[in-house]
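> Under this note's numbering, think of the first position of the sequence shown as 1, with each following residue one higher. Virtual Cβ for every residue (Gly too), placed ideally from N, Cα, C. Note that the structure is a prediction, hence the values are computed from the model and not measured.
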Amino acid sequence: MSTHEVTNQAPPYVGGDFYTDDVALAEAVERWGGPSGAEELGALGRLAGSAEAQEHGRLADAHRPVLRTHDARGHRVDEVEFHPSWHWLMTQAVGAGLTAGPWLAPGGSGAHVRRAAGFVLWSRVEAGHGCPVSMTYAAGSALRHDRTLGDRWLPALASRSYDFGIRPVTSKSGAIAGMGMTEKQGGSDVRANTTQAVTSPGGPLPGETYRLTGHKWFCSAPMSDAFLVLAQAPGGLTCFVVPRALDDGTRNVFSLQRLKDKLGNHSNASSEVELDGTWGSRLGDEGRGVRTIIDMVGATRLDCVLGSTATMRDAVSRAVHHARNRTAFGALLVDQPLMRNVLADLALEAEAATVLGLRLARAVDDGETDLARLGVALGKFWVCKRTAPVVAEALECLGGNGYVEENGLARLYREAPLNSIWEGSGNVNALDVVRAVSREPASLEALTTELHEVRGRSAELDAHVDSALAQARSLDPSSADAAFGARSVVERLALALQAGLLVRHSPAPVADAFVASRLAGRRGHTFGSLDVDLAGAAAAVLERAG
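In structure tokens, the structure reads:
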């Protein structure tokens, strides 16, 4: 017998149809996005599962971007070089309409739902390039409120043409947007920002022009064409649109100091930026910077939910694929009772995240601002928090093979914590929920209406909803106790929303198993500890697991 004969190894995880195989995603698109998106999303799902796309994802992650501050003659250029696979991935993402296009679509058309589904599908290929894709989508939400700047930037940000390079937007077939909020002394406390903005009438940009001076601690995708930036103007913290290139072809001052050496998200060039007399156009009123940029923050938080959903779904699908093709102790792993418990438990988490993410996208489509306001904050906290343990457990399903880079789970594991940090850490989002339910009562009423859609369908769900809503209504945002217990409230509301959506829209075995395990406590503290009486639901859950 040859010692090099390969046996009992799962085949490569390529060649699947990520859209059709993700039953919960496809159902959500049909329900909230309309049948018109199925054909395009199907093509994107097949491409995402192809060997070609998976290899480009691997290469983009393996070959990190390189910062070039100066050219050979000593002139500052402040450019980042990306591997060709990064550009291939960006070309596909922009071409699939995953950027700002939905903001130009009529309300209620399902455009945001279809885009959300596409973002989930394509994020499974490689997560780093999803950052500029997401920020470009999110920038549209803020720019649509200013006619002058919206007319200038939105068509380019909504374009399906990826046109890389620092040139004036007027000479490009498409544009990408970024964001500069975080500073080293403030982090999430953006009101502590020290970047200064001085009025400079008659500048080379449309609208009210300013010169900005300061340092941005985290600026991802610095080769974007424009950035929404917060700075202190005479009237207070204000939002500005800062382009990389001015209309005369010269470059705006945008000095890249270094690229961050991150745990994961390697393909994405997160940078530190110096602004020194940098031109910007004011977006919104002086002193209303947070209010102006809050729509963009909400949209990027939604993408954090969707991106984490993609990471979970990919991890679970890889674990299921391995279990269906690997034999141990005389049977396929997927037929081993304890492994089925683990996989079904993980699949419940991924399906709940999927349905929640697309329901929130539908709220954006329909202008349900109160529900989106609270629902996105809940989802951002909970789904992003659940991702790391889901990926860790999925990795373990592959044993030692999961810990090896070439099997894909190691990259997902490094990626898993990131969305919980971006756009407000867990504590920031939990406290945001406390403020919302206390100071914006319409948001809690919208959530209550949503939860009551399934009233009477499950006694365990009804009891949980009543208790969670009562706890939320009793919050006093000025109380230290409310802050101390914020995570508990958020967890309970998020689980109520997920459970309600599954009861309404998923098959009974899936919904019943989720309610029993997550709300009624019929499981332990680790994945794979579902009660024995839920074993019968495992088959139905796994059929939908991809």
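Taking Ala410 and Tyr403 to be in contact with their CB atoms under 8 angstroms, please state how far apart those CB atoms are, rounded to whole angstroms.
6 angstroms
> Taking only runs of the alpha helix (DSSP H) that begin and end inside the segment 75-158, which ones reach a length of at least 4 residues, in chain order?
84-95, 111-123, 130-143, 147-158
> Using the C-alpha atoms, what's the distance from Phe240 back to Phe227?
8 angstroms
> Could you tell me which residues DSSP pairs with Ser255 in its beta bridges?
The partner list for Ser255 (beta bridge, DSSP) reads Glu274.
> With DSSP as the reference, identify every bridge partner of Arg211, one or two as the case may be.
Val198, Trp279
> Report the three-state DSSP secondary structure of Ala499 (helix, strand or coil).
helix
> Could you tell me how far apart the beta carbons of Glu126 and Ala60 are, in whole angstroms, since I believe they sit closer than 8 angstroms?
5 angstroms
> Around the C-beta of Phe329, are 16 or more other C-beta atoms found within 10 angstroms, so that it is buried, or is it exposed?
exposed
> Is there a Cβ from chain D that is less than 9 angstroms from the Cβ of Ala105?
Of the chains in the structure shown, none is chain D; there is only one protein chain.
> To test your reading of the DSSP string, which unbroken alpha helix (DSSP H) runs of 4 or more residues are found completely within the segment 442-473?
459-473
> If we ignore side chains and look at the alpha-carbon of each, how far apart do Val515 and Glu415 end up?
Their backbone Cα atoms lie some 28 angstroms apart in a straight line.
> Return the CA-CA distance between Met135 and His4, expressed in angstroms with no decimal places.
48 angstroms
> CB Ser506 to CB Val355, shorter than 9 angstroms?
Contact: yes.
> Going by DSSP, which residues form a beta bridge with Gln232?
The partner list for Gln232 (beta bridge, DSSP) reads Gln196, Leu237.
> Could you please give me the residues that DSSP links to Pro417 through a beta bridge?
Paired residues: none, contrary to the question.
> Three-state secondary structure (DSSP) at Pro509?
helix
> In the DSSP assignment, the beta strand (DSSP E) including Thr3 goes from what residue to what residue?
Thr3 -> no beta strand (DSSP E), and no H or E assigned at all.
> Pick helix, strand or coil for Thr182, following the three-state DSSP scheme.
coil
> Quick one: what does DSSP say Leu205 is sitting in, helix, strand or coil?
coil
> Thinking C-alpha only, which one of Gly207, Gly277, Leu121 is nearest Trp153?
Gly207
> Could you tell me how far apart the beta carbons of Ala24 and Leu306 are, in whole angstroms, since I believe they sit closer than 8 angstroms?
Not quite, the Cβ-Cβ distance comes to about 13 angstroms (not below 8 angstroms), so this is no contact.
> Drop a sphere of 10 angstroms on the beta-carbon of Glu453, count the other beta-carbons inside from all chains shown, and report buried for 16 or more, exposed for fewer.
Label assigned to Glu453: exposed.
> For Phe320 versus Ala138, is the C-beta distance shorter than 9 angstroms?
First, the residue type needs correcting, since residue 320 is Val and not Phe in the sequence shown. Contact flag unset, no.
> Alpha carbon to alpha carbon, how far is Arg386 from Thr213? Give it in angstroms, no decimals.
39 angstroms
> Runs of 4 residues minimum, wholly inside the segment 336-372: which ones carry the alpha helix (DSSP H) assignment?
337-365
> Is Lys385 helix, strand or coil when you go by DSSP?
helix
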